[in-house]
DNA sequence: ATCAATAATAGTAACTGTTACTATTATAAG
DNA sequence: CTTATAATAGTAACAGTTACTATTATTGAT
Ligand SMILES: [Mn+2]
Ligand SMILES: [Mn+2]
Ligand SMILES: [Zn+2]
Ligand SMILES: [Zn+2]
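Residue numbers (my numbering), protein chains in the order written: chain A, 9 to 147; chain B, 9 to 147.
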C-alpha cells in the first residue's frame, strides 16, 4: 500500500521517459528504460526512472505489466492485450480478442500456441467505494 | 528463467500445502500459506513452502497470481477469473465472464466498480516451439 | 525388514527488484 | 529576481524470493 503522488511540476526526466517509452512497441523493464533514457540524459538516476514510471502508470499515461520477475511498461495505453511466452518470457501485443473469447477455445493467437489465459479485472470493492481514498495498493 | 523440476517423490510437506490450499477460497501469499501449514507441520520451512508452491503451479495443480507486491496462490485451478481492488488489494473470484466481454463495456462485476481489465494469454512463441525446452520463464 | 541412492527438507545466506531517504537542484508562481 | 518546494541524483534499506548446504525422508532393490 503505497501513496503515489500526482506530478505537480514538469521535469525533463519524466517527459523523456514518457517520450521514449511511447516510441517503443516493446514492453521494457525499468532498467531497460533507464538504459534508453540515459542516452538522452546521462545523469538520470534509476530511482527517478522507477518513481516516474509508477507516476505515469498511476495517471494512466502508460501501463504497468506484472508478468515476469520484474515489471514491464507499455507506452501504448489504449485497449489491447498481451501474450507471454512461457519459455523465453517474450511479451507481444494482441490487439483484438477472438470473438469466441468467452468460450475460451482458442489454440493459436499472434503465432503463439496458447496454453492459458488470465483475466484480471481492476476495480473498487464495495468497502473501499464508501471511503474516499488516494492510496493505491498496486498499479 | 528458472528450471522448475518435477516432483519425483512424495513428501507430506508438499501434500499438506496442496490440501490446505485446496480448502481455501481465498488467494493466500506464500507467507500466509506458511502460517497455515505450520499448524499441521510446525517445523516446515518457508523455503519449502515457496519451492513447493512453484512446483505445484508449474504442474497445474494450483495457480499463481501476480497481482500485488507478493505472489498469491489459488487452489482452484479450474477456469475462472479475478477482480482486484485498486485500493485495498483484495482479490475475489469472477466465475463467468460477462457475455459482452469482447466489447469491454462492463462497469460492475461481483459488487466491484470496474475501472480496468487486463488479459494475459500464456503460450509458446514461434521460436520456442521449435526447441524442446523444460525451462520456464515464469509460472 | 534392511539397505543404498538420492530427492526433499530445514535453516539460513544471498540475491534482485523496488522503495525510501537526504542533501541538492530545478521548476514555476508571485 | 526571489522564494517555496517539487523533483532529482545518489545511495541505503527493504521485501519477497531463490540458492546453498548439511541433514532427513522416500523409494526401489535386495
Ligand atoms: Mn502492449
Ligand atoms: Mn480464484
Ligand atoms: Zn519463446
Ligand atoms: Zn477495497
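Ideal Cβ placement from N, Cα and C applies to all residues, glycine included.
- Taking the beta carbon of residue 134 (chain B) as reference, the chain A residues within 8 Å of it are 119 and 120, listed in sequence order.
- Within the chosen limit of 6 Å, ligand 4 does not reach the beta carbon of residue 128 (chain A) with any heavy atom.
- The residues 45 and 60, in chain order, have a CB closer than 6 Å to that of residue 25 (chain A) in the same chain once the five nearest residues on each side in sequence are set aside.
- Sixteen is the threshold: since fewer than 16 other Cβ atoms of the shown chains lie within 10 Å of the Cβ of residue 39 (chain B), the residue is exposed.
- Cβ proximity to chain B below 7 Å picks out 74, 75, 76, 77, 87, 89, 90, 91, 92 and 93 from the region 72-93 of chain A.
- Under a criterion of Cβ atoms nearer than 8 Å, no residue of chain A is adjacent to residue 39 (chain B); the nearest Cβ is some 16 Å distant.
- Residue-level contact check: residue 105 (chain A) touches chain B, since one or more beta carbons of chain B fall below 7 Å from its beta carbon.
- The DSSP-derived three-state label of residue 108 (chain B) is coil.
- As DSSP reads the structure, residue 90 (chain B) sits in a beta bridge with A:128 and B:101.
- If the five residues before and after residue 112 (chain B) are omitted, its C-beta is found closer than 7 Å to the C-beta atoms of 125, all from its own chain and listed in chain order.
- By the neighbour-count definition (other C-beta atoms within 10 Å, threshold 16), residue 127 (chain A) is a buried residue.
- A distance below 7 Å separates the beta carbons of residue 105 (chain B) and residue 110 (chain A).
- By a beta-carbon distance limit of 8 Å, residue 131 (chain B) contacts residue 122 (chain A). Their separation comes to about 4 Å.
- In the DSSP annotation of this structure, the continuous segment of the beta strand (DSSP E) that includes residue 71 (chain A) starts and ends at 71-73.
- The C-beta separation of residue 78 (chain B) from residue 97 (chain A) comes to about 20 Å, leaving the pair out of contact by the 8 Å criterion.
- Taking every protein chain shown into account, the CB of residue 22 (chain B) has 16 or more other CB atoms within 10 angstroms, so this residue is buried.
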